[in-house]
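Taking it in order: structure first as structure tokens, then the write-up.
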Ligand SMILES: Nc1ncnc2c1ncn2[C@@H]1O[C@H](COP(=O)(O)OP(=O)(O)OP(=O)(O)O)[C@@H](O)[C@H]1O
Ligand SMILES: Cc1ncc(C[n+]2csc(CCOP(=O)(O)O)c2C)c(N)n1
Ligand SMILES: [Mg+2]
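In this note's numbering, the protein residues as written are 59 to 380.
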């Protein structure tokens, strides 16, 4: 199968038709029509085999995951997905692998009405770069800056599960190929659900002062938000939303460590006025209050203990060829 046959067969017509996409794959560019009053939100995420997902992972799940992690950044800005492009680097044109990969990718593209509108196909070590485009009402766009002392910190989605799921696949690699039997931790890692609908519901109904999605770990991503807003945080570690299976599997100390530093959660961290929290909870019952913003810098517990924001960092320690 040549490059163009591969594109036609696996990467054409993925996701539904949406009115804003005037032109999809097949020309030199895709064309998007923006509505008056909306801004274009753009973000790109690369997923590398062995770095972001295990070598030999289920191709359906790789397809879902590479789009899911990218869409999470649209959720973090309160943006509505319009479409995405895919730059794919493949070691070979394995038809069975490509069939499953494009089905997994297409399943999430359908669920969130986000069609594949173009891309690039090359040969080399397995790498997927997904660029997402979204539309955001200029009145309701969320940024990392804007958090104010006195406001509360809330999280949507659970923390630490994905890190425990990755650990489970390390310990039992044969489970990578048994998608039907994945538990909630394994699903959290391999099949992240970007919180697009939840974010859109919240952004229309309540004033959110700042937001970020958690990809590197709660503390590391909270620190990015705090730095952008020039505020400090007090976190109540007893309130973190942890899956009961995570606590059962790892015990409280390791579960907390996974929740604070593990990453791959693709949960949303939001700040808002305390008075708006009941309304926000009505719109999104899973929203959990985990702390508050204070003047100063850094992250502390209510007892005053400093929490160090170490999270995932591609170049910390400079392994691999330095
Ligand atoms: N090579 C680059 N060139 C320009 N900007 C970059 C580059 N790499 C990252 N950035 C920008 O730096 C910021 C932080 O990047 P990062 O990839 O950590 O994003 P993130 O949203 O925090 O993480 P994730 O993509 O996992 O959600 C983003 O605004 C991103 O656009
Ligand atoms: C096989 C394997 N080993 C380790 C990890 C952990 N990990 C890798 S990148 C990253 C942060 C988000 O990526 P980025 O900053 O590139 O968006 C995390 C938490 C993983 N996902 N898979
Ligand atoms: Mg992000």
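Note that CB positions come from ideal geometry on N, CA and C, so glycine has one too.
If you're wondering where the values come from, they're calculated on a predicted model, not measured in any experiment.
In angstroms, rounded to a whole number, what distance separates the CA positions of residue 336 and residue 321?
28 Å
Is residue 286 near ligand 1 - that is, is its Cβ less than 7 Å away from at least one heavy atom of it?
Not under cutoff, so the answer is no.
Can you find at least 3 beta carbon pairs, one from the segment 242-255 and one from the segment 354-365, that sit closer than 8 Å?
no
Closer than 6 Å between the C-beta and any heavy atom of ligand 3: which residues qualify, listed along the chain?
131, 134, 271, 273
Can you give me the C-alpha to C-alpha distance between residue 347 and residue 196, rounded to a whole angstrom?
26 Å
Compute the Euclidean distance between the alpha carbons of residue 304 and residue 73, then round it to the nearest angstrom.
33 Å
Check this for me: beta carbons of residue 125 and residue 166, under 8 Å apart or not?
yes
Determine the burial state of residue 105: buried for a count of at least 16 other Cβ atoms within 10 Å of its Cβ, exposed for fewer.
buried
Between residue 196 and chain B, is there a C-beta pair that is closer than 8 Å?
This model lacks chain B altogether, as it is built from one protein chain only.
Work out the CA separation of residue 270 and residue 289 for me, nearest whole Å.
15 Å
Residues bridged to residue 373 by DSSP?
In the DSSP output, where bridge partners are listed per residue, residue 373 has none listed.
For residue 350, which residues from the same chain have a beta carbon less than 6 Å from its beta carbon, with the 5 sequence-adjacent residues on both sides left out?
210, 292
What does DSSP give as the partner residue(s) for residue 326 in the beta ladder?
214, 271.
Assign residue 69 to one of three DSSP states: helix, strand, or coil.
When DSSP states are grouped into helix, strand and coil, residue 69 belongs to the coil group.
I'd like the list of long-range same chain contacts for residue 128, defined as Cβ closer than 6 Å, with 5 residues on each side in sequence excluded.
103, 188, 190
At what residues does the alpha helix (DSSP H) containing residue 157 begin and finish?
That run of the alpha helix (DSSP H) goes 153-169.
Note the first and the last residue of the continuous alpha helix (DSSP H) segment covering residue 242.
242-248
Would you call the segment 74-87 and the segment 162-176 in contact, with 3 or more CB pairs under 8 Å?
yes
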